[in-house]
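Let me begin by presenting the structure, written as structure tokens, before commenting on it.
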Amino acid sequence: MVIVSLVLPLAHAEVGEEEQGSEVELGTLQVEDWQEESEGSAESGYRHEAARVGPLGKVPLRDTPYSLNVTSGELFENRGAHTVSQALKTNPTVATLMESNTYSGLSRVMVRGFTAGDQGDFRDGVVDRSFTFVPLENVERIEVLNGLSSFLYGFSSLGGSLNYVSKQPTATRQASLALGRYGGGMDYQHADLGGPVDPEGRLAYRVNLYDESGSTYVEGSHQERSLMSAVLTYRLTPDTRLFADGWYQDLDMRGLQTYINVNPASGVNVPSARHFDAETQYGQDWTYNKSHKSQVGVGFESSLNDVFTLRSSFRYGNMWRSYQYTTATLTDNEGNYSESARGSTRQTERTYSGFALLDANFATGAIRHKLTMGFTGHKYRYTRGNDVTTLLGTSNIDSPTDYARPSQTIGQTNVYYHQFYRNWVIGDRIEFNDAWSAVIGFNRAEIRQNVSGGGTSLGTASYTQRKTTPSYSLIYKPAREVTTYLTYMEGLTNGGSAPATAANAYEILSPSVSRQWELGAKATLGRMDLALALFHIDKVNEYTDPSDNTYKQDGREVHKGVELTATGKLTDNLTLVGGYTFMTAEVTESRNNKSLEGNIPVNVPERQGRLYMEYNLSRLRLPDVTLSGAANYSGRRPVDAANTDYLHGATTYDLGLRYEPELAGHKLTLNLFVNNLFDKDYWSYYRSGDGLLLGAPRMTSLTAKLDW
Numbered sequence: 133m134v135i136v137s138l139v140l141p142l143a144h145a146e147v148g149e150e151e152q153g154s155e156v157e158l159g160t161l162q163v164e165d166w167q168e169e170s171e172g173s174a175e176s177g178y179r180h181e182a183a184r185v186g187p188l189g190k191v192p193l194r195d196t197p198y199s200l201n202v203t204s205g206e207l208f209e210n211r212g213a214h215t216v217s218q219a220l221k222t223n224p225t226v227a228t229l230m231e232s233n234t235y236s237g238l239s240r241v242m243v244r245g246f247t248a249g250d251q252g253d254f255r256d257g258v259v260d261r262s263f264t265f266v267p268l269e270n271v272e273r274i275e276v277l278n279g280l281s282s283f284l285y286g287f288s289s290l291g292g293s294l295n296y297v298s299k300q301p302t303a304t305r306q307a308s309l310a311l312g313r314y315g316g317g318m319d320y321q322h323a324d325l326g327g328p329v330d331p332e333g334r335l336a337y338r339v340n341l342y343d344e345s346g347s348t349y350v351e352g353s354h355q356e357r358s359l360m361s362a363v364l365t366y367r368l369t370p371d372t373r374l375f376a377d378g379w380y381q382d383l384d385m386r387g388l389q390t391y392i393n394v395n396p397a398s399g400v401n402v403p404s405a406r407h408f409d410a411e412t413q414y415g416q417d418w419t420y421n422k423s424h425k426s427q428v429g430v431g432f433e434s435s436l437n438d439v440f441t442l443r444s445s446f447r448y449g450n451m452w453r454s455y456q457y458t459t460a461t462l463t464d465n466e467g468n469y470s471e472s473a474r475g476s477t478r479q480t481e482r483t484y485s486g487f488a489l490l491d492a493n494f495a496t497g498a499i500r501h502k503l504t505m506g507f508t509g510h511k512y513r514y515t516r517g518n519d520v521t522t523l524l525g526t527s528n529i530d531s532p533t534d535y536a537r538p539s540q541t542i543g544q545t546n547v548y549y550h551q552f553y554r555n556w557v558i559g560d561r562i563e564f565n566d567a568w569s570a571v572i573g574f575n576r577a578e579i580r581q582n583v584s585g586g587g588t589s590l591g592t593a594s595y596t597q598r599k600t601t602p603s604y605s606l607i608y609k610p611a612r613e614v615t616t617y618l619t620y621m622e623g624l625t626n627g628g629s630a631p632a633t634a635a636n637a638y639e640i641l642s643p644s645v646s647r648q649w650e651l652g653a654k655a656t657l658g659r660m661d662l663a664l665a666l667f668h669i670d671k672v673n674e675y676t677d678p679s680d681n682t683y684k685q686d687g688r689e690v691h692k693g694v695e696l697t698a699t700g701k702l703t704d705n706l707t708l709v710g711g712y713t714f715m716t717a718e719v720t721e722s723r724n725n726k727s728l729e730g731n732i733p734v735n736v737p738e739r740q741g742r743l744y745m746e747y748n749l750s751r752l753r754l755p756d757v758t759l760s761g762a763a764n765y766s767g768r769r770p771v772d773a774a775n776t777d778y779l780h781g782a783t784t785y786d787l788g789l790r791y792e793p794e795l796a797g798h799k800l801t802l803n804l805f806v807n808n809l810f811d812k813d814y815w816s817y818y819r820s821g822d823g824l825l826l827g828a829p830r831m832t833s834l835t836a837k838l839d840w
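Using the working numbering, you'd call the opening residue of the sequence shown number 133 and step up by one each time.
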């Protein structure tokens with residue numbers, strides 16, 4: 133209870149000062165810039181008015197000609213979420229790609245059938261590439277920009293981008309302490325402190341301390357994680373703000389969940405998830421994943437005059453991780469599988485990222501312009517060694533075998549990735565009148581890459597690619613609360629990385645040009661925000677060719693569909709968050725393998741829906757009690773390029789109860805949330821080169837939180 137012992141004396145001191153009548157006078161400007169307390173709250177229906185849109189900065193959601201969904205930190209806290217996939221479970225445009233309790237520790241998601249992550253991950257608008265667990269305890273909200281975003285970010289993931297917005301210093305003193313249990317048996321404590329340092333409120337801070345330890349739902353597992361995070365802001369002048377932030381996290385996971393690999397081409401098909409138990413350890417309890425990550429950043433924002441505003445930020449990140457895990461490959465349809473141990477030398481990662489942007493607000497006659505120009509970029513260095521694989525033996529899903537940990541001779545680092553991304557961007561938000569506007573932008577993107585190593589399957593891959601990519605958007609507002617738009621965007625997209633099981637393992641393919649059309653509408657009806665988007669994305673197809681087990685590019689991959697989202701209050705007591713995605717995805721123009729044409733790309737769900745609702749019981753004279761429930765549907769996904777087998781779709785249900793009384797004048801929150809209420813057995817997703825991963829069983833999260 134280290135955090136408790138640190139926080140309670142501070143809490144006593146703060147309460148004592150308040151009792152003595154000490155007050156701090158603050159200007160309204162700090163409240164606007166530092167913390168929007170009403171946005172994203174349960175009282176607002178978890179709605180947000182604005183979000184960061186790449187180099188364009190913070191823009192009202194209704195004025196953005198893109199599909200952009202914001203998940204409130206208060207929402208995923210009320211749902212007891214501690215991982216990215218859990219936090220985004222209410223977003224109907226997001227599908228799970230990787231869970232954090234496997235060998236990598238990563239959380240990855242898909243949007244519109246494509247990966248949204250890696251170079252598409254941002255923290256406060258700055259690139260945050262990371263091959264480790266993403267902490268949420270210092271995150272205020274998650275902004276998900278769907279689809280191609282090359283004009284905004286240069287090289288980016290086709291699925292979109294995830295921007296983790298950090299908790300910022302508050303204009304008034306605040307503190308909270310939470311104690312809880314989640315994930316099967318992990319106990320945690322979390323302190324969140326913030327406020328002004330000086331009487332004038334020019335210097336302010338936000339500190340988050342977090343610690344967890346215990347077992348996960350997989351038998352024989354154990355997890356420990358600690359996080360320290362701090363943000364400082366300083367109001368140098370009324371129009372200039374400086375800020376600095378930093379955080380570090382340590383993670384130690386034992387008894388990792390194991391992927392189950394299948395091979396439909398040889399007649400070994402996807403088994404029913406009902407034959408498995410998500411709490412059973414099909415691997416070994418000596419498997420582990422250790423990692424450490426730290427980040428520091430600085431920046432400033434300054435309004436130079438009525439026309440120009442200058443913004444700049446820089447962040448440095450450092451990470452290392454090491455792991456040893458097992459792989460399970462089904463050898464028949466009777467539940468027998470072979471098991472191997474795989475170990476790796478320590479992997480390291482360094483990221484240098486930043487931007488320098490100039491905004492200009494001016495008019496040419498009756499036409500208003502909001503022009504943004506400048507530079508964004510990041511440098512990425514990653515080292516690893518070849519994994520060492522040792523065959524352990526055979527086992528069966530009805531009686532998994534415990535094997536002794538093998539003695540593996542792990543080699544030295546011999547693969548070095550060096551990537552440098554540079555983007556010169558210019559964009560103009562043009563307002564013709566109250567009804568018509570446009571966004572026109574260009575991004576001159578450049579990537580320099582060098583991948584060298586002494587591995588058996590990877591030689592040297594070096595190239596430099598440059599391209600200017602355009603984006604055009606036309607916006608029409610038929611009414612004050614309604615916006616329609618049409619957007620076209622091109623982008624230079626990184627080539628994929630071959631999976632570890634491919635003949636060309638870890639090889640990074642060449643970049644390619646992708647294109648996207650999007651037609652959308654946004655409206656506010658009462659206290660509900662509604663959005664509809666139709667999209668069409670065309671990119672190069674990448675897959676593992678079963679004829680030679682080589683990861684390659686061949687043909688085009690076309691995804692088109694419609695997204696519907698809704699967030700807000702249906703009534704004063706009833707909140708709704710959710711929506712539905714309907715999509716068709718297929719391979720076209722294949723040159724080398726015509727049999728792929730018309731097939732659905734691997735692991736792409738063409739249907740998914742989310743519905744989360746809350747009801748406050750004030751009509752029953754219980755205003756401190758809120759009931760919540762959710763339904764989560766994900767459609768079937770193919771597990772091979774030939775579409776010979778699929779993992780079935782699944783629907784799970786959640787239930788929650790929240791009690792928020794006052795205790796000695798301070799808000800107390802008691803929160804109970806149950807995921808997968810009916811303990812449904814299902815496959816969460818399929819990952820090429822790894823296999824199938826079982827969905828989590830019924831899990832209960834219980835939290836007690838005191839605010840003062």
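Idealized CB from N, CA, C, for every residue including glycine.
- Exclusion of the five residues before and after Thr600 leaves Phe574, Asn575, Arg576 and Ala577 as the residues of its chain whose Cβ lies within less than 8 Å of its Cβ.
- Closest in C-alpha terms to Leu268, from the list Leu341, Thr522 and Asn201, comes Leu341.
- Contact annotation, Asn673 with Ala634: C-beta distance approximately 15 Å; criterion of less than 8 Å not satisfied.
- Just so you know, the alpha carbons of Asp382 and Tyr320 end up roughly 14 Å apart.
- Excluding sequence positions up to five before and after Leu804, its CB lies within less than 6 Å of the CB of Leu789 and Leu834, all in the same chain and listed in chain order.
- If only uninterrupted alpha helix (DSSP H) runs of at least 4 residues are considered, those enclosed by the region 257-311 are 282-285.
- Rounded to the nearest angstrom, the gap between the Cα atoms of Ile529 and Gly467 is 5 Å.
- Of the other Cβ atoms in all chains shown, fewer than 16 fall within 10 Å of the Cβ of Gly497; this residue is therefore exposed.
- Residue pairing for Ala774: DSSP places it in no beta bridge.
- Per the Cβ contact rule, the region 662-672 is in contact with the region 692-700 (3 or more Cβ pairs under 8 Å).
- Val202 is bridged by DSSP to Glu275.
- Collapsing the DSSP output to three states places Glu746 in a strand.
- The closest CA to that of Ser629, considering only Val583, Asp670 and Val645, is found on Val583.
- Sequence-distant partners of Trp649 (beyond 5 residues in either direction) whose C-beta falls short of 6 Å from its own C-beta, in its chain, are Tyr620 and His668.
- Nearest to Asn555 by C-alpha distance, out of Arg179, Thr264, Ala219 and Gly186, is Gly186.
- Secondary structure note for Ala219: its alpha helix (DSSP H) is the uninterrupted segment Val216 to Ala219.
- Rounded to the nearest whole angstrom, the C-alpha separation of Gly346 and Ser353 is 8 Å.
- Under DSSP, Asp534 takes part in no beta bridge, so it has no partner.
- Asp811 and Asn270 have their C-alpha atoms roughly 30 Å apart.
- In this structure, Ser605 sits away from Pro192, with a CB-CB distance that is not shorter than 8 Å.
- Distances from the alpha-carbon of Val400 to those of Thr521, Lys799, Gly559 and Thr463 put Thr463 closest.
- Taken through DSSP and simplified to helix, strand or coil, Ser170 comes out as coil.
- For Tyr791, the CB contacts under 7 Å within the same chain, skipping 5 residues up- and downstream, are Asp756, Val757 and Leu802 in chain order.
- Burial check for Tyr817: the Cβ neighbour count within 10 Å reaches 16 or more, so the residue is buried.
- Contact check for Gln300 and Arg338: beta-carbon distance about 6 Å, within the 8 Å limit, so the pair qualifies.
- For Asp756, the uninterrupted beta strand (DSSP E) segment begins and ends at Leu754 to Ser766.
- Secondary structure at Asp519: coil, using DSSP grouped into helix, strand and coil.
- Between Gly700 and Arg659, the C-beta spacing is below 8 Å.
- In this structure, the straight-line span from the alpha carbon of Val571 to that of Ile607 is close to 8 Å.
- Rounded to the nearest angstrom, the gap between the Cα atoms of Gln413 and Ala405 is 15 Å.
- Look at Ser727 here: in three-state DSSP terms it is helix.
- With a 10 Å radius around the Cβ and a threshold of 16 neighbouring Cβ atoms, Tyr595 comes out exposed.
- Taking the C-beta atoms as reference points, Val266 is found no nearer than 8 Å to Gly292.
- Val734 has its alpha-carbon roughly 13 Å from the corresponding atom of Asp822.
- Cβ contact annotation for Glu613 (same chain, cutoff 7 Å, sequence separation greater than five): Ala655 and Thr656, in chain order.
- Annotation: the continuous beta strand (DSSP E) that includes Gly623 extends over Val614 to Thr625.
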